[in-house]
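S.K.: One structure follows; several queries about it will come next.
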Amino acid sequence: MSSEVDAPTESDIIDQEIEALKEQAAALRKSLKIETSTILSAPSTQALLKSNKGFSSRKRSAHPKVLSQSEKQKAHTQQNLYRSCSSVTAFKVHDPDPNAVDNGHILGLRFEIMSKSQFLQPYYVFLNRPYYGSKYMRIHRNTLPPAIPIAGLAARHLPAPRPESDTPPQQDLDRFVRALRREIVRYHNRLGVSADLRRSLGLHDRIDDTILPDDIVEVGIADIEAKQIRFSWADERSGRVVMDNDGKVVKLMMFGREGRDWETTKELYGKYERIEDVAKTLQEYVNG
1 MSSEVDAPTE SDIIDQEIEA LKEQAAALRK SLKIETSTIL SAPSTQALLK SNKGFSSRKR
61 SAHPKVLSQS EKQKAHTQQN LYRSCSSVTA FKVHDPDPNA VDNGHILGLR FEIMSKSQFL
121 QPYYVFLNRP YYGSKYMRIH RNTLPPAIPI AGLAARHLPA PRPESDTPPQ QDLDRFVRAL
181 RREIVRYHNR LGVSADLRRS LGLHDRIDDT ILPDDIVEVG IADIEAKQIR FSWADERSGR
241 VVMDNDGKVV KLMMFGREGR DWETTKELYG KYERIEDVAK TLQEYVNG
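Numbering-wise, UniProt numbering puts 84 at position 84 of the sequence shown, and it's gapless, one number per residue.
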């Protein structure tokens with residue numbers, strides 16, 4: 001079996017060019033969309049649309065369409081501003097189940113999360129009052145990822161009533177919401193660290209034909225809490241970056257085929273606080 005890599009055929013080259021053109025077209029469409037929204041949001045554009053003086057008689061028919069797009073952009077901007085300033089929203093929900101506790105009254109909490117200037121899918125937490133004759137609340141449902149310690153936060157800030165106790169525990173919904181929001185943000189910050197490491201090592205743009213034994217070929221989350229990042233070399237060595245709750249680097253470990261690779265660990269030993277430091281060290285190690 002030959003160890004030489006076959007040269008790409010003309011068909012392969014054409015396919016690569018087509019994919020590159022598709023990516024370029026997608027990037028241009030995205031850029032056009034951003035530029036259009038920027039122009040429509042400008043105060044000078046708003047004033048021009050209201051005055052109707054900037055349209056010639058031939059283009060006057062386009063004015064209603066542009067004005068409609070401008071109003072949509074204005075509403076979109078207002079919504080984004082609200083979501084940015086009000087990262088947590090409370091609302092009421094009614095459970096149609098006739099056997100639901102507290103006559104089906106539920107309090108909903110919506111948590112907004114932004115990453116790389118884009119809003120992600122919001123998270124929801126629903127609470128009800130299952131205790132008869134009491135205003136104490138309890139977690140009913142939630143859409144949070146398993147990494148978020150919502151049960152522990154609820155036990156701390158929304159403790160269940162203890163009728164036999166002389167000093168009944170007090171619930172603090174405000175502190176619960178703030179603590180939960182902080183944990184969600186921390187979780188997404190840790191997810192972002194993994195993406196930043198991939199980008200710093202150039203894995204997004206790498207072509208498989210150029211891989212060498214000392215190249216890092218894979219980077220990904222290694223645990224459910226996203227506190228560990230696993231990366232692998234082409235020669236089957238691997239390593240892990242251990243982070244704290246806020247995404248700061250705590251430890252860097254290396255593993256070989258036979259277990260812990262102390263030699264490489266010693267070679268890469270240093271003080272790491274940011275993922276950029278880890279990426280720089282790994283890049284220097286790969287480049288020799």
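The beta-carbon is built from N, C-alpha and C at its ideal position, and this holds for glycine as well.
Predicted model only: the values in this text are computed from it and were never measured.
Are the beta-carbon atoms belonging to Ile106 and Phe126 less than 7 Å from one another?
M.R.: Yes.
S.K.: Could I get the ranges of all uninterrupted beta strand (DSSP E) runs contained in the region 184-262, with 3 residues as the minimum, in chain order?
M.R.: List check, beta strand (DSSP E) in window: 216-221, 228-233, 238-243, 249-256.
S.K.: Would a C-beta distance cut-off of 7 Å place Leu197 and Ala226 closer than the cut-off?
M.R.: Contact: no.
S.K.: If distances are taken between C-alpha atoms only, which option among Asp246, Leu180, Asp223 comes closest to Arg110?
M.R.: It is Leu180.
S.K.: Since Ser194 and Val219 should fall inside the 8 Å C-beta cutoff, what is the C-beta to C-beta distance between them, to a whole number of angstroms?
M.R.: The pair is a contact, with the Cβ atoms about 6 Å apart (cut-off 8 Å).
S.K.: Less than 7 Å between the C-beta atoms of Pro163 and Tyr136, yes or no?
M.R.: No, the pair does not count as a contact, with Cβ atoms beyond the cut-off.
S.K.: Between which residues of its own chain and Arg186 is the CB-CB distance below 8 Å, once the five residues before and five after are set aside?
M.R.: Once the five neighbours on either side are set aside, the close Cβ partners of Arg186 are Asn245, Asp246, Gly247.
S.K.: Val241 and Val217: beta carbons closer than 7 Å?
M.R.: No.
S.K.: Between Lys72 and Asp215, what straight-line distance do the alpha-carbon atoms span, to the nearest angstrom?
M.R.: Roughly 48 Å separates the two Cα atoms.
S.K.: On the criterion of 16 or more Cβ atoms from any shown chain inside 10 Å, does Trp233 qualify as buried, or is it exposed?
M.R.: That one is buried.
S.K.: Opposite Arg141 in the DSSP bridges: which residues?
M.R.: Answer by DSSP bridge pairing, in chain order: Phe126.
S.K.: Among the candidates Pro130, Gly256, Glu263, Ile275, whose CA atom is the shortest distance from the CA of Ile229?
M.R.: Comparing Cα-Cα distances from Ile229 to each of Pro130, Gly256, Glu263, Ile275, the minimum goes to Ile275.
S.K.: Is it buried or exposed for Gly133, if we count other Cβ within 10 angstroms and need 16 for buried?
M.R.: Looking at its Cβ environment, which holds fewer than 16 other Cβ atoms inside 10 Å, Gly133 is exposed.
S.K.: Whole-angstrom Cβ separation of Ile148 and Ile139, contact assumed at under 8 Å?
M.R.: Not confirmed; about 12 Å, so no contact.
S.K.: What's the call for Gly152, buried or exposed, on a 16-neighbour Cβ count within 10 Å?
M.R.: When all chains shown are included, Gly152 counts as exposed.
S.K.: Is DSSP giving Arg29 helix, strand or coil here?
M.R.: Three-state DSSP puts Arg29 in a helix.
S.K.: Helix, strand or coil for Arg162? Go by DSSP, reduced to three states.
M.R.: In this structure, Arg162 counts as coil in the three-state DSSP scheme.
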